[in-house]
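Numbering-wise (full-length UniProt numbering), the sequence shown opens with residue 1 and increments by one.
Backbone N, C-alpha and C define an ideal beta-carbon position, used for all residues, glycine too.
Remarks on the structure that follows.
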Amino acid sequence: MIRKYEAVAAIMTFPERFSNLPEYAFPRLRTLLDAHAPGGDVVHMTIGEPRHPMPDFIGDVLAQNLGLFAKYPDNFGTPDLLGAIATWIKTRFGVTVDSATQVMALNGTREGLMNACIALSPERKNGKTPVVLIPNPFYQVYAVAAVTVGAEPVYVPATRETGFLPDYAGLPADVLDRTTIAYICSPSNPQGAVATRAYYQDLIALAEKHDFKIFADECYSEIYRFDPPVGALEVANEMGADPERVAIFHSLSKRSNLPGLRSGFVASGPENIKQIKQLRAYSGAPLPQAIQAVSARVWADEAHVVASRQLYAEKLDMADVVFSGIAGAQSPEAGFFLWLPVEDGEQAALKLWTETGVRVVPGGYWARDVNGENPGKNYIRVALVAPKAETQRGLTMIRDCLYG
Numbered sequence: 001m002i003r004k005y006e007a008v009a010a011i012m013t014f015p016e017r018f019s020n021l022p023e024y025a026f027p028r029l030r031t032l033l034d035a036h037a038p039g040g041d042v043v044h045m046t047i048g049e050p051r052h053p054m055p056d057f058i059g060d061v062l063a064q065n066l067g068l069f070a071k072y073p074d075n076f077g078t079p080d081l082l083g084a085i086a087t088w089i090k091t092r093f094g095v096t097v098d099s100a101t102q103v104m105a106l107n108g109t110r111e112g113l114m115n116a117c118i119a120l121s122p123e124r125k126n127g128k129t130p131v132v133l134i135p136n137p138f139y140q141v142y143a144v145a146a147v148t149v150g151a152e153p154v155y156v157p158a159t160r161e162t163g164f165l166p167d168y169a170g171l172p173a174d175v176l177d178r179t180t181i182a183y184i185c186s187p188s189n190p191q192g193a194v195a196t197r198a199y200y201q202d203l204i205a206l207a208e209k210h211d212f213k214i215f216a217d218e219c220y221s222e223i224y225r226f227d228p229p230v231g232a233l234e235v236a237n238e239m240g241a242d243p244e245r246v247a248i249f250h251s252l253s254k255r256s257n258l259p260g261l262r263s264g265f266v267a268s269g270p271e272n273i274k275q276i277k278q279l280r281a282y283s284g285a286p287l288p289q290a291i292q293a294v295s296a297r298v299w300a301d302e303a304h305v306v307a308s309r310q311l312y313a314e315k316l317d318m319a320d321v322v323f324s325g326i327a328g329a330q331s332p333e334a335g336f337f338l339w340l341p342v343e344d345g346e347q348a349a350l351k352l353w354t355e356t357g358v359r360v361v362p363g364g365y366w367a368r369d370v371n372g373e374n375p376g377k378n379y380i381r382v383a384l385v386a387p388k389a390e391t392q393r394g395l396t397m398i399r400d401c402l403y404g
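Below is the structure:
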């Protein structure tokens, strides 16, 4: 286990170890747009920062627990918080987990997605450099985590042809035999695709055959239009799979409109959680105790989630009307992004900015070039987080500017 903690120190060699990673999307966006004046009043549709109302009880719960800021927090989560999370998992996915041994509180999913890779990816597999599988496009922390542990990141296209989910089963056997971790995001960011029960069954069977772990990033799971997305832990439990095979990651950022709370969790088998906790004990930063008290209350409430989900559904319905008749521009099953087809993402984003003031992200900024192909190049990502009137105005300008 010593190597796990040495991997943290590897970040100190950032310029060399990370030189091949693409620049993060938002600095690239500023370079693209900020030298040009906006063509109108600015409409921000870039960052996925929820702007719906927070739960109305947050202030009261925080006020009641202010004194806890004077105490060191529970490193892995208070019993109340872990119990609330375990109850939510049971209610949402029908899976019983032991709150003491199978759940750990996180500073949002990004911390967990990074540190779980450090804790659980071995230095070698079958005597060879390990592989970490990453959907392409992807949340950038997946790639940083892979590089941090010295693994080879393998970017697998998630395109319209594959249902906007990666076809990991199509990889060569020698790559799968070296795989230690496969990241999957469902509902996916940026496309909003939902992994079906059959998709997860096939992925879990593949992981069992080639002995790798699945890291399921499910932070958009509560933003859906029709049916609740199935969960990876739910399917693994139904299949009787090894409980160490799957780790799920959730947060309150998207579910509860609390991105600044930095509160989430990882749930998995007891041995996985033991290793992740050991890394946290050395290098992690636990949630402040007052934040844990607030988080426990938020996980126990669904009314605010239902209200927020309805607002997103209304905006997705609005998008369907605005882009009616435009090929490939239908809104997704889940999440709050539109993944809109264009001839060139950078040119489209720059045109929108200079002619209308609408700010979106080129799709290629969320993906990696592989063999000269970038699966996001011909898209823009549009965040539907603003109030409905602002969203309507932004969508209408996008349609008129790019598709009129």
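Please report the straight-line C-alpha distance between residue i and residue j, rounded to a whole angstrom.
i: G404; j: Q347; result: 16 Å
i: K128; j: R178; result: 7 Å
i: C117; j: S283; result: 14 Å
i: A158; j: F337; result: 16 Å
i: E218; j: P187; result: 7 Å
i: G231; j: L395; result: 31 Å
i: D400; j: A386; result: 19 Å
i: L316; j: R124; result: 45 Å
i: Y168; j: L120; result: 20 Å
i: I398; j: P243; result: 46 Å
i: I2; j: P53; result: For I2, the predicted structure reports a pLDDT of 37, less than 50, and the residue's modelled location is therefore unreliable. A value from the coordinates is still provided. One C-alpha to the other measures close to 44 Å.
i: V149; j: I276; result: 14 Å
i: G170; j: D202; result: 12 Å
i: R160; j: N136; result: 12 Å
i: L32; j: V305; result: 36 Å
i: V8; j: L261; result: Residue placement at V8 is flagged as unreliable, the pLDDT there being 42, under the threshold of 50; a coordinate-derived value is accordingly withheld.
i: L35; j: A307; result: As written in the sequence, residue 35 is Ala, which differs from the Leu given in the question. Going by the C-alpha atoms only, they are around 39 Å apart.
i: V156; j: K213; result: 16 Å
i: Q191; j: I58; result: 31 Å
i: G335; j: D369; result: 25 Å
i: D174; j: L62; result: 52 Å
i: R28; j: Y365; result: 8 Å
i: S324; j: G108; result: 36 Å
i: T13; j: P270; result: At T13, the pLDDT of 47 sits below 50, so the modelled position is not reliable; the number obtained from the coordinates is stated separately. Taking the straight line joining both Cα atoms gives about 32 Å.
i: R225; j: P332; result: 9 Å
i: D56; j: K388; result: 20 Å
i: P172; j: G240; result: 26 Å
i: D211; j: V132; result: 12 Å
i: L233; j: R197; result: 11 Å
i: P166; j: L176; result: 14 Å
i: E373; j: A329; result: 21 Å
Could you name the residues that DSSP lists as bridge partners for residue i?
i: T179; result: V131
i: R359; result: H44
i: F265; result: A105 and H250
i: L340; result: I380
i: N136; result: P157
i: V321; result: Answer is none; V321 lacks a bridge partner.
i: D34; result: DSSP output for D34 lists no bridge partner at all.
i: V370; result: E373
i: A334; result: Y224
i: C185; result: D217
i: K125; result: K128
Just to confirm the assignment, what range does the beta strand (DSSP E) spanning residue i have?
i: I47; result: Here I47 belongs to no beta strand (DSSP E), and DSSP marks it neither H nor E.
i: D217; result: K213 to D217
If I measure Cβ to Cβ from residue i and keep anything under 7 Å in the same chain, skipping five residues before and after, which residues do I get?
i: V141; result: R110, L113 and M114
i: P122; result: P130 and T180
i: E49; result: P259 and V385
i: L66; result: A290
Contact check, residue i vs residue j under 8 Å by CB: the rounded distance?
i: N378; j: V322; result: With a Cβ gap of about 20 Å, N378 and V322 do not count as contacting.
i: R359; j: V154; result: R359 to V154, Cβ: 32 Å. No contact.
i: R245; j: I204; result: 6 Å
i: A300; j: A86; result: 11 Å between Cβ atoms; not a contact.
i: I326; j: Q102; result: With a Cβ gap of about 45 Å, I326 and Q102 do not count as contacting.
i: I223; j: Y312; result: 5 Å
i: Y200; j: V235; result: 4 Å
i: S263; j: L287; result: 6 Å
i: A247; j: V266; result: 6 Å
i: E355; j: G39; result: 4 Å
Which stretch, first to last residue, makes up the alpha helix (DSSP H) that contains residue i?
i: R381; result: Per DSSP, R381 belongs to no alpha helix (DSSP H); it is in the beta strand (DSSP E), Y379 to A383.
i: I85; result: P79 to F93
i: K277; result: P270 to S283
i: A296; result: Q289 to W299
i: I204; result: R197 to H210
i: R393; result: K388 to I398
i: T148; result: V141 to T148
i: V61; result: I58 to Q64
i: A232; result: A232 to M239
Output needed for residue i: all residues of its chain with C-beta closer than 6 Å, excluding positions within five of it in sequence on either side, in chain order.
i: T78; result: Q292
i: F76; result: M104 and K277
i: S268; result: A247
Once you ignore the five residues that flank residue i on each side, which residues in its own chain have a CB closer than 8 Å to its CB?
i: D80; result: Q292, A293 and A296
i: K351; result: C401 and L402
i: A37; result: T354
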